[in-house]
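Heads up, the thing below is written out as structure tokens.
Residue numbers (mature numbering (1 follows the signal peptide of the UniProt record, and there is no 0)): -25 to -1, 1 to 358.
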């Protein structure tokens, strides 16, 4: 699969090279190409892995996405984004995926139709999940953007501008279909290896309202979706039937952006089903000291209530997560940034032993290393 993709890209480049100037000019008038990616090193101070780091120090995290937009007709736009990523922890592998591919038909500012695998309008970052030059830290809030986040839904949606004057602007998104959430790690004790819990939601109905206020740079948003959730373990037919249920996710977002200040805060909850209850909130503040240097801080707290019998007896720390992170960034320009951050993590919802034997030993003992320190150094770029 990966080799076929490489050959396809090679022949596309060859075709580009032999095109005459007139054909290339016509192509560029109708197609725009953007890309974004990054690399990071991460190291923790104990047996836990968290984000891009582990105890030995991982150099392996790298990602890249190519965003292509075509306008073959005045009212028609086509969006395609393939992506590649690889990680340095035991339960992550190389991944080549199609982030989204959808068509958009413009009827008016109030009524824009989208159909296909569409980028998901949920909270602040799902539509720009991998664009690191739009945020101060290498990784997003884990409670919001790892546990129940998705980059795209498969179905039909509408978006548009409901109201606009000189001071206020009201945008909306509604959609329906199916979505696949980002995978989460699970230890299969029988096979003695980490696997991934793959979660899909069908019969999804969701929406988002975004309000742009008279204060330049300040916007507020409300997001929600509901669907029938199905939980499966990757590479098996095994399911977590006790998790399956209809869930309702509800979130509130606030964002203020100026020349120097980036302030964001979000809250996310799931209360309808008692099987997995979620409460997550974070506050993130970044300030540009000069044209190049930026300081940043973020505090995140998350609590998860899991009532499935498969997880009975798990240490309570596996349902808790706090992350205090401080960062220092150097921006070469808006398209290239070097980032350094220091995390102090409490809880083991996302910070868990990287080695299967260590995980089983800690699980049987009834406790993990609950405090994890992580340093991250990396770069992110876009064009």
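Backbone N, C-alpha and C define an ideal beta-carbon position, used for all residues, glycine too.
For residue 355, the enclosing beta strand (DSSP E) stretches over residues 346 to 357. Rounded to the nearest whole angstrom, the C-alpha separation of residue 257 and residue 48 is 42 angstroms. Bounds of the alpha helix (DSSP H) holding residue 119 are 117 to 120. Each residue's CA atom was taken as its position, placing residue 230 and residue 147 some 17 angstroms apart.
In the same chain as residue 235, and ignoring 5 residues on each side of it, the C-beta atoms closer than 8 angstroms to its own belong to 262, 263, in chain order. Per DSSP, reduced to three states, the secondary structure at residue 106 is coil, with no helix or strand assignment. The continuous stretches of beta strand (DSSP E) do not include residue 140, and DSSP gives it neither H nor E.
Counting the other Cβ atoms within 10 Å of the Cβ of residue 188 gives fewer than 16, which makes it exposed. For residue 50, the secondary structure class from DSSP, reduced to helix, strand or coil, is coil.
Counting only residues of its own chain and dropping the five nearest sequence neighbours on each side, residue 337 has a CB closer than 7 angstroms to the CB of 328, 343. Per the C-alpha coordinates, the member of 158, 175, 270 positioned closest to residue 169 is 158. Its Cα nearest to that of residue 53, the residue 94 stands out among 31, 207, 94, 72. Taking the C-beta atoms as reference points, residue 57 is found nearer than 8 angstroms to residue 74. In the three-state DSSP reduction, residue 295 falls in the strand class (E or B). Between the alpha carbons of residue 221 and residue 268 lies a distance of about 46 angstroms. For a cut-off of 8 angstroms, the C-beta gap from residue 291 to residue 321 is around 12 angstroms, too long to register as a contact.
Straight-line measurement puts the Cα of residue 24 at about 11 angstroms from the Cα of residue 62. Taking all protein chains in view, the Cβ of residue 241 is crowded by 16 or more other Cβ atoms within 10 Å, so the residue is classified as buried. The criterion of a C-beta distance shorter than 8 angstroms is satisfied by residue 28 and residue 17.
Under DSSP, residue 189 forms no beta bridge with any residue. The criterion of a C-beta distance shorter than 8 angstroms is not satisfied by residue 333 and residue 126. Cα atoms of residue 90 and residue 265: separation of roughly 43 angstroms, rounded to the nearest angstrom. Cβ neighbours of residue 350 within its own chain (closer than 6 angstroms, five residues either side excluded): 18, 317.
Beta-bridge partners assigned by DSSP to residue 144: 139, 187. When the beta-carbon positions are compared, residue 325 and residue 15 stay at least 8 angstroms from each other. As DSSP reads the structure, residue 123 sits in no beta bridge.
Membership of residue 75 in the beta strand (DSSP E) is indicated by the continuous run 70 to 83. For residue 311, the enclosing beta strand (DSSP E) has its first and last residue at 311 to 321. A straight line joining the alpha-carbon of residue 133 with that of residue 185 spans about 14 angstroms.
Within its own chain, the residues whose Cβ lies closer than 6 angstroms to the Cβ of residue 104, once the five positions on either side in sequence are excluded, are 126, listed in chain order.
At the C-beta level, residue 150 and residue 144 stay beyond 8 angstroms of one another. By the Cβ neighbour-count rule, residue 218 is buried, with 16 or more other Cβ atoms within 10 Å of its own.
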